[in-house]
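Numbering (the working numbering), first residue to last: 337 to 701. All residues carry an ideal CB built from backbone N, CA and C; glycine is no exception. What follows is a set of notes on a single structure, which appears directly below.
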Amino acid sequence: MRFDLPTPGFSFELLATLGHARAGILHTPRGDIPTPVFMPVGTLGTVKAMTADELRAEPLDARIILGNTYHLYLRPGLEVIGLAGGLHKFAAWDRPILTDSGGFQVFSLAAINQIDDDGVTFRSHIDGSKHRLTPEVSMHIQKTLGSDIAMCFDQCPPGDAPADVQEVALARTTAWAARCKAAEHAPGQAVFGIVQGGIDVERRRRHMAEITKLDFDGYALGGLAVGEKVEDTYRVLDEVAHELPAERPRYLMGVGTPQDLERGITAGIDMFDCVMPTRNARNGYLFTSQGRVNIPNAQYRTDLGPVDPACPCSTCRTYSRAYLRHLYVAKEILYARLATLHNLTFYARHVRALRERILAEGRRA
Ligand SMILES: [Zn+2]
Numbered sequence: 337m338r339f340d341l342p343t344p345g346f347s348f349e350l351l352a353t354l355g356h357a358r359a360g361i362l363h364t365p366r367g368d369i370p371t372p373v374f375m376p377v378g379t380l381g382t383v384k385a386m387t388a389d390e391l392r393a394e395p396l397d398a399r400i401i402l403g404n405t406y407h408l409y410l411r412p413g414l415e416v417i418g419l420a421g422g423l424h425k426f427a428a429w430d431r432p433i434l435t436d437s438g439g440f441q442v443f444s445l446a447a448i449n450q451i452d453d454d455g456v457t458f459r460s461h462i463d464g465s466k467h468r469l470t471p472e473v474s475m476h477i478q479k480t481l482g483s484d485i486a487m488c489f490d491q492c493p494p495g496d497a498p499a500d501v502q503e504v505a506l507a508r509t510t511a512w513a514a515r516c517k518a519a520e521h522a523p524g525q526a527v528f529g530i531v532q533g534g535i536d537v538e539r540r541r542r543h544m545a546e547i548t549k550l551d552f553d554g555y556a557l558g559g560l561a562v563g564e565k566v567e568d569t570y571r572v573l574d575e576v577a578h579e580l581p582a583e584r585p586r587y588l589m590g591v592g593t594p595q596d597l598e599r600g601i602t603a604g605i606d607m608f609d610c611v612m613p614t615r616n617a618r619n620g621y622l623f624t625s626q627g628r629v630n631i632p633n634a635q636y637r638t639d640l641g642p643v644d645p646a647c648p649c650s651t652c653r654t655y656s657r658a659y660l661r662h663l664y665v666a667k668e669i670l671y672a673r674l675a676t677l678h679n680l681t682f683y684a685r686h687v688r689a690l691r692e693r694i695l696a697e698g699r700r701a
């Protein structure tokens with residue numbers, strides 16, 4: 337079954353379902369994205385340590401990456417990216433890009449001066465300069481970046497914030513979503529709404545009803561895995577994910593471990609992003625089919641086997657654990673490149689294997 341999304345040129349094709357899990361294809365003007373999909377995070381217009389060619393090459397074959405509104409707005413700034421003709425040209429990436437709205441970074445990185453119903457005034461984490469983000473400003477930045485999928489500007493309160501704080505943030509996020517929808521977008525730019533509500537399932541459902549009424553191209557669950565207990569994350573996922581509209585892509589923001597991805601897919605999620613594979617790679621943690629490898633450990637000093645014998649990435653086909661450990665200990669920059677390529681390939685193959693299972697064992701949609 338193929339569903340046209342509100343933005344022309346976008347459609348979501350549902351191929352098979354297995355319980356709540358779904359396998360499909362998100363069709364975009366810049367190419368098809370088989371789902372479920374893991375999206376590598378390219379915060380500053382670069383998936384750290386990787387070239388665009390490396391991201392595109394098999395077996396990684398990344399179909400979509402993330403860019404970050406807050407970071408790119410502060411550095412290099414809209415003037416430079418505008419002159420380049422948008423983020424795709426600037427970063428030499430011709431496949432789809434999803435940009436977040438900057439909301440999460442403003443609330444987690446910047447020094448907040450003021451939050452009101454219109455927007456947020458904050459000081460940059462880089463130089464302390466003062467800026468203001470509103471729904472309209474966020475959409476204008478994302479329009480200039482020219483991403484294929486823009487996210488609504490939302491307020492994500494801490495998971496343990498009291499009920500009245502949560503309620504104010506929810507009402508604001510709904511009002512801001514309507515303003516994001518009404519704002520001007522880049523040609524061929526889809527917009528996703530974000531459902532907040534913390535770990536309270538009823539609050540989540542209430543907010544989901546408000547946001548889905550606005551008819552976005554896709555829907556995200558925000559504000560999960562932000563410090564709450566993992567069983568609370570899973571409870572909300574299990575209760576809420578499959579209640580999001582079936583004919584639109586569903587995106588779980590900023591989550592998580594390979595197990596989290598499997599739980600999310602089982603609950604009915606189609607899209608994921610997380611800094612975990614890239615950040616952990618640089619910190620010495622490698623994901624493998626045999627569990628995590630903490631490469632600095634002394635046991636790998638003389639281990640001449642591959643990082644993961646089951647992995648077809650060029651790091652695993654070419655180099656040994658002992659060599660990677662040596663590069664890590666010696667702080668050689670090649671380490672970050674080899675480790676990142678491996679972890680991203682592991683995540684891509686993990687999600688692809690789950691997709692294949694849904695296609696093989698599920699019901700044709
Ligand atoms: Zn590998």
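Proximal residues to residue i (C-beta, below 8 Å), its chain only, five neighbours per side dropped
i    : result
A561 : T569, G590, V591, G592 and D596
A398 : M375, P376, V383, L391, R392, R431, L680 and A684
R411 : L380 and I462
For residue i, the first and last residue of its enclosing alpha helix (DSSP H)
i    : result
F426 : L423 to A427
P370 : That residue, P370, is in no alpha helix (DSSP H); its beta strand (DSSP E) goes G367 to T371.
L660 : R657 to V665
N289 : Nothing can be reported for residue 289: it is not among the residues displayed for the chain, which extend from 337 to 701.
L391 : A388 to R392
L414 : L414 to A420
R653 : S650 to T654
Extent of the continuous beta strand (DSSP E) run through residue i
i    : result
E349 : S347 to L354
H467 : K466 to L469
H678 : Taken as a continuous stretch (DSSP letters only), H678 belongs to no beta strand (DSSP E), being part of the alpha helix (DSSP H) at I669 to E697.
G529 : A526 to V531
P493 : Looking at the DSSP string, P493 is not in any beta strand (DSSP E), and its letter there is neither H nor E.
G403 : I401 to N404
L362 : A357 to T364
T435 : I433 to D436
R628 : G627 to N630
T624 : Y621 to T624
R338 : R338 to D340
D609 : M607 to D609
Contacts around residue i, its chain only, beta-carbon distance under 6 Å, and the 5 residues preceding and following it disregarded
i    : result
S625 : D644 and A646
L588 : L557, G600, I605 and F608
I361 : E349, D368 and P370
L380 : H407
A359 : L351, A352, R691, I694 and L695
E546 : T510
A447 : R459
G563 : G495
A519 : E472 and M475
G345 : P365 and G524
A666 : none
Integer Cβ distance of residue i from residue j, believed to fall under 8 Å
i    : j    : result
H543 : G554 : That belief does not hold up - the Cβ atoms of H543 and G554 are roughly 16 Å apart, past 8 Å.
C488 : S444 : That pair is no contact at about 17 Å.
A427 : A388 : 7 Å
P705 : C516 : The chain is shown from 337 up to 701; residue 705 falls before or after that span and cannot be answered.
Y406 : V442 : 6 Å
A617 : A675 : 4 Å
A357 : T638 : At roughly 42 Å, the Cβ-Cβ gap does not stay under 8 Å, so A357 and T638 are not in contact.
N630 : G620 : 6 Å
G418 : S483 : Not a contact, Cβ separation roughly 14 Å.
P395 : C649 : 6 Å
T364 : Q525 : The Cβ separation is near 10 Å, so there is no contact.
A577 : L550 : Wrong, their Cβ atoms sit about 19 Å apart, outside the cutoff.
Y664 : P613 : Their Cβ separation, rounded to whole angstroms, is 16 Å, which puts Y664 and P613 out of contact at 8 Å.
A497 : H521 : Not quite, the Cβ-Cβ distance comes to about 31 Å (not below 8 Å), so this is no contact.
P585 : F623 : No, P585 and F623 are not in contact; Cβ-Cβ is about 25 Å, not under 8 Å.
C321 : H686 : An answer regarding residue 321 cannot be provided, because it is not within the stretch 337 to 701 covered by the chain.
Y636 : R657 : 4 Å
L469 : T435 : Not a contact, Cβ separation roughly 13 Å.
Contacts around residue i, its chain only, beta-carbon distance under 7 Å, and the 5 residues preceding and following it disregarded
i    : result
E598 : L690
A701 : M337, L350, L351, A352 and T353
D574 : A603
P493 : V501, Q502 and A505
R508 : D453 and Q491
V572 : I535, V537, R540 and L560
I401 : M375, P376, G378, V383, L391, W429 and I433
- Please list, in chain order, all residues with a C-beta atom less than 6 Å from at least one heavy atom of ligand 1. V643, D644, C647, C649, T651, C652, H678 and T681
- Message: Report the start-end ranges of each alpha helix (DSSP H) in the stretch 544-601 that is 4 residues or longer and not cut off at the edges.
- Response: The stretch 544-601 contains, as complete alpha helix (DSSP H) runs of 4+ residues, the segments 566-576 (chain order).
- Message: At 3 residues or longer, what runs of the beta strand (DSSP E) sit wholly inside the stretch 445-484?
- Response: 447-451, 456-459 and 466-469
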